[in-house]
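Visitor: Numbering (our numbering), first residue to last: 3 to 757.
Each residue gets a CB set at the ideal place from its N, CA and C atoms; glycine is no exception.
Quick one: the structure is below, questions incoming.
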Ligand code: ZN
Ligand code: ZN
Ligand code: FE
């Protein structure tokens, strides 16, 4: 019976292209003496396999058990076929029929084998900066279309030499069908320019860059997903120059380190953090820095943390090998604009920032930033989902397909639902920025092209002024508006595969509410297809609207006015004194007459207001700046002390009053209590209040979402307190809890309406 011959057709979905899946199937079939073929298709990988039943059983088991390291099978469809006469097993031409569903693969960090070759003087790829194989190298950043074949990437311009071609067609080789395969002879090459002239090529281009970096120059380097600006991390003056030229006041810079060993010498490093750093994703990991390290203090001013990554491509490996010291590695852009990808553009656009340009001639199709993660409660938590992650999320298969979600305004991402998961774009940034908005439109056009105009519905944020909303309204497709905080909660639920009723705590900077005010300190009850607002922070006015977001002192003034009345205008508090008399006069009128002072219930803004009252921050140059400082202060003390919010249960939704809470902070301040302790008491008050509300609701499943929960102190304490009170708590790990995952929540919301 077991010797009976059979034939099957298999459709494998998931992350199965560009990760060495076909050669793996080929070798497996060879080993087991099976016949048939394997090919890439638009859905994933197709296999027809024939042989003795006993061998076929082994094949099916090993197919899942031994699949290549970077692959991920989300489903296998199998059906029997009539037997054929054939001699062997082949890798067939890609099958282009059918719907385009397969994943656009992420860029993967250089594997150990390629790394060994680059540093082996006897290897033909010694010091070759574009070495890659089926287990590593560029994907997402060079793919122009699906399926993932060399012709559909920017490597189509390079004709493989004989030796590379031999590897490419040899099923036993690690470079079998490695689409970006290349070497010194046939592949992309380096060049170094100053603003006008070609100064060096090949390895000399790297050594020149190294020399200049050591001299304190700013060098722009064409990296995996775009240009990075590199400067010596121990050179305070050079960093100050970069900050000034890049128009970036205080926002921390990420660092590129030459080795894991040096990272260990400079930071606290857990196993989870170490694994993140050295993974195929190779993200920036936020690490707690040790004292007395040789990193200039203007790299991450006022922060306990450093954002550190290790080299993720051969060019970076070579550079860091020669430098032997950490460097600042920040996106090659001006403030919030998208990262620059083209060398000609870079030389003119970044000309005012960089002193030199280390470039190459392998084109980048899509800009992609470095991903950022932090580890909280022993688990990796994604803060920015970009290089190494984009694009397909195969876990989310129960959404309706054909939905395009446009995300929010800041930290925009767009998403598109397919039969086998959700395509989530890379981080596109702040849509107010013209270049970011262009990139947003380009990304949608590309989704349309790659997935054959299958968009049937559009979902967007409820905010009437978001550019994504206006874009949705300009399209002739069915559209649906989804409330911002509901989308946050649904994204968190989707990631944690939660169904049924949940209680959601969503705290962020701002989002448009169903009542036309600005929400941000929300407690939502969520049932199968709708949500209700159970409670929220008592509202306060944002004096000057958008301006209040950049100036925490305006929030402080609004909060203090509520507590102290007109008396506040004569106060000696730093936050009040930071205004001119003229400014105070105008602000007073705005407050009293409610002019350009929209109401908000935002916890993010409450952080700002308190930070300003404590004289920590009056004006912000980047998002969450004040909150990050508050967290840093709070984490330096260990206390259970807390302020108290008054929960007014009489009305619905329940109102959380902060008047007494602010008054208590003021009295601590006048009693000269350390602001570290005040910060900790502030955080603890939020946690205690959250648990109290959760108890009132009584729902067992609690989800925490919104940008405020990127605050480690707040997240850790909230989770622990809720668990202790008997709740099951869920937060975001694989998707950012900030607006980067709004698009996912929007797709879930639209699917709930549809079904
Ligand atoms: Zn490799
Ligand atoms: Zn070659
Ligand atoms: Fe938000």
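Looking at ligand 2, does it come within less than 7 Å of residue 184, judged from the CB to the closest heavy atom?
Guide: Start at 1 with the first residue of the chain shown, and residue 184 comes out as number 182. Residue 184: yes, Cβ under 7 Å from ligand 2.
Visitor: Flag this pair as touching only if the segment 494 to 512 and the segment 660 to 671 have three or more C-beta atom pairs under 8 Å; answer yes or no.
Guide: With the cut-off at 8 Å, the segment 494 to 512 and the segment 660 to 671 do not touch.
Visitor: Mind checking who residue 259 pairs with in its DSSP beta bridge?
Guide: As a working mapping, residue 259 is identified with position 257 in the chain shown. In the DSSP output, where bridge partners are listed per residue, residue 259 has 312.
Visitor: Below 8 Å CB to CB, which residues in the same chain sit around residue 191 once its five sequence neighbours on both sides are set aside?
Guide: What you label residue 191 is simply residue 189 of the chain shown in a count that begins at 1. Here the set comprises 203, 204, 362 and 363.
Visitor: Would DSSP call residue 553 helix, strand or coil?
Guide: Start at 1 with the first residue of the chain shown, and residue 553 comes out as number 551. Coil.
Visitor: Under 8 Å, with one C-beta from each stretch per pair, do the segment 511 to 520 and the segment 635 to 642 reach the 3-pair mark?
Guide: No, because fewer than three Cβ pairs between the segment 511 to 520 and the segment 635 to 642 fall closer than 8 Å, the two stretches do not touch.
Visitor: Indicate whether residue 134 and residue 282 have their beta-carbon atoms separated by less than 8 Å.
Guide: On the chain shown, position 132 is the one that residue 134 refers to. On the chain shown, position 280 is the one that residue 282 refers to. No, the pair does not count as a contact, with Cβ atoms beyond the cut-off.
Visitor: Specify, as a first and last residue, the run of the alpha helix (DSSP H) that residue 133 falls within.
Guide: Here residue 133 is taken as the residue at index 131 of the chain shown, counted from 1. That residue, residue 133, is in no alpha helix (DSSP H); it is neither H nor E in DSSP.
Visitor: Cβ-heavy atom distance between residue 166 and ligand 1 below 7 Å?
Guide: Locating residue 166 in the chain shown gives position 164, where the first residue counts as 1. Not so, every heavy atom of ligand 1 lies at least 7 Å from the Cβ.
Visitor: Since residue 599 contacts residue 559 with CB under 8 Å, what's their CB separation in whole angstroms?
Guide: In the chain shown, counting from the first residue as 1, residue 599 sits at position 597. In the chain shown, counting from the first residue as 1, residue 559 sits at position 557. Wrong, their Cβ atoms sit about 11 Å apart, outside the cutoff.
Visitor: Less than 7 Å separating the Cβ of residue 531 from some heavy atom of ligand 1?
Guide: Here the question's residue 531 lines up with position 529 in the chain shown. False, no ligand heavy atom lies under 7 Å from that Cβ.
Visitor: Note down the Cα distance separating residue 89 from residue 53, rounded to an integer number of angstroms.
Guide: Numbered from its first residue, the chain shown carries residue 89 at position 87. Numbered from its first residue, the chain shown carries residue 53 at position 51. When rounded, the distance between both Cα atoms is 11 Å.
Visitor: Does any residue of chain B have a CB that is nearer than 8 Å to the CB of residue 329?
Guide: Of the protein chains in this structure there is only one, and it is not chain B.
Visitor: Kindly indicate which residue of 626, 238 and 755 has the alpha-carbon position closest to the one of residue 553.
Guide: Taking the first residue of the chain shown as 1, we reach residue 553 at position 551. Per the Cα distances, 626.
Visitor: Three or more beta-carbon pairs under 8 Å between the segment 227 to 245 and the segment 297 to 308, yes or no?
Guide: Yes, the segment 227 to 245 touches the segment 297 to 308.
Visitor: Please name the residue, chosen from 67, 50 and 68, that lies closest to residue 85 on a Cα-to-Cα basis.
Guide: Stepping through the chain shown from its first residue, residue 85 is reached at position 83. If we check each option's Cα against that of residue 85, 50 comes out closest.
Visitor: Starting from the N-terminal side, write out each stretch of the alpha helix (DSSP H) that is 4 residues or longer and does not extend beyond the segment 478 to 515.
Guide: DSSP runs (the alpha helix (DSSP H)) wholly in the segment 478 to 515: 486 to 497.
Visitor: Considering only heavy atoms of ligand 1, list every residue whose Cβ is less than 5 Å from one of them, following chain order.
Guide: This selection yields 113, 116, 135, 137 and 138.
Visitor: Could you name the residues that DSSP lists as bridge partners for residue 12?
Guide: Counted from its first residue, the chain shown places residue 12 at position 10. Beta-bridge pairing links residue 12 to 49 and 80.
Visitor: Exposed or buried, what is residue 171 when buried is set at 16 or more other beta-carbons lying within 10 Å of its beta-carbon?
Guide: Position 169 of the chain shown, counting from 1, holds the residue named residue 171. Its Cβ having fewer than 16 others within 10 Å, residue 171 is exposed.
Visitor: What are the boundary residues of the alpha helix (DSSP H) that residue 242 is part of?
Guide: Within the chain shown, numbered from 1, the residue matching residue 242 stands at position 240. Residues 238 to 248.
Visitor: For residue 75, which residues in the same chain have their Cβ closer than 7 Å to its Cβ, ignoring the five residues on either side in sequence?
Guide: Indexing the chain shown from 1 puts residue 75 at position 73. Correct list, in chain order: 14, 16, 18, 66 and 69.
Visitor: Alpha carbon to alpha carbon, how far is residue 614 from residue 284?
Guide: Counting from 1 along the chain shown, the entry for residue 614 is found at position 612. Counting from 1 along the chain shown, the entry for residue 284 is found at position 282. Taking the straight line joining both Cα atoms gives about 36 Å.
Visitor: Taking contact to mean 3 or more Cβ pairs, one atom from each stretch, closer than 8 Å, check whether the segment 405 to 413 and the segment 425 to 433 are in contact.
Guide: Yes, they touch.
Visitor: Which residue or residues does DSSP assign as beta-bridge partners of residue 254?
Guide: Position 252 of the chain shown, counted from the start, is the residue given in the question as residue 254. Paired residue(s): none; residue 254 is not in a bridge.
Visitor: Check this for me: beta carbons of residue 745 and residue 415, under 8 Å apart or not?
Guide: Reading the chain shown from its first residue, position 743 is the one you call residue 745. Reading the chain shown from its first residue, position 413 is the one you call residue 415. In contact: residue 745 and residue 415 (Cβ atoms closer than 8 Å).
Visitor: According to DSSP, is residue 159 part of a helix, a strand, or is it coil?
Guide: Reading the chain shown from its first residue, position 157 is the one you call residue 159. Helix.
Visitor: Please list, in chain order, all residues of the same chain as residue 704 whose beta carbon is under 6 Å from its beta carbon, the five residues on each side excluded.
Guide: Taking the first residue of the chain shown as position 1, residue 704 is located at position 702. Excluding positions up to five away in sequence, the list reads 505, 696, 724, 729 and 731.
Visitor: Tell me, to the nearest whole angstrom, how far the beta carbon of residue 391 is from that of residue 108; I am working on the premise that it is less than 8 Å.
Guide: Mapped onto the chain shown, residue 391 falls at position 389. Mapped onto the chain shown, residue 108 falls at position 106. Yes, residue 391 and residue 108 are in contact; Cβ-Cβ is about 6 Å, under 8 Å.
Visitor: Taking one C-beta from the segment 313 to 326 and one from the segment 251 to 264 each time, how about it: are there three or more such pairs within less than 8 Å?
Guide: Yes, the segment 313 to 326 is in contact with the segment 251 to 264.
Visitor: In terms of DSSP beta bridges, what is residue 91 paired with?
Guide: As a first step, residue 91 must be located in the chain shown, where it is residue number 89. Residue 91 pairs with 38.
Visitor: Kindly provide the ranges of any alpha helix (DSSP H) runs that are 4 or more residues long and lie completely inside the segment 612 to 682, ordered along the chain.
Guide: You should have 627 to 636 and 661 to 672.
Visitor: Where do the ends of the beta strand (DSSP E) carrying residue 178 lie?
Guide: Walking along the chain shown from the start, residue 178 turns up at place 176. Where residue 178 is concerned, there is no enclosing beta strand (DSSP E), given that its DSSP letter is neither H nor E.
Visitor: May I have the straight-line CA-CA distance separating residue 567 from residue 721, to the nearest angstrom?
Guide: Here residue 567 corresponds to residue number 565 of the chain shown, with the count starting at 1. Here residue 721 corresponds to residue number 719 of the chain shown, with the count starting at 1. Distance between the alpha carbons of residue 567 and residue 721 is about 37 Å.
Visitor: Using a threshold of 8 Å, state whether the C-beta atoms of residue 31 and residue 22 are closer than that.
Guide: By 1-based counting over the chain shown, the position of residue 31 is 29. By 1-based counting over the chain shown, the position of residue 22 is 20. No.
Visitor: Take residue 379 as the anchor and find which of 25, 236 and 713 has the nearest alpha-carbon.
Guide: On the chain shown, position 377 is the one that residue 379 refers to. With distances taken between Cα atoms, residue 379 lies closest to 713.
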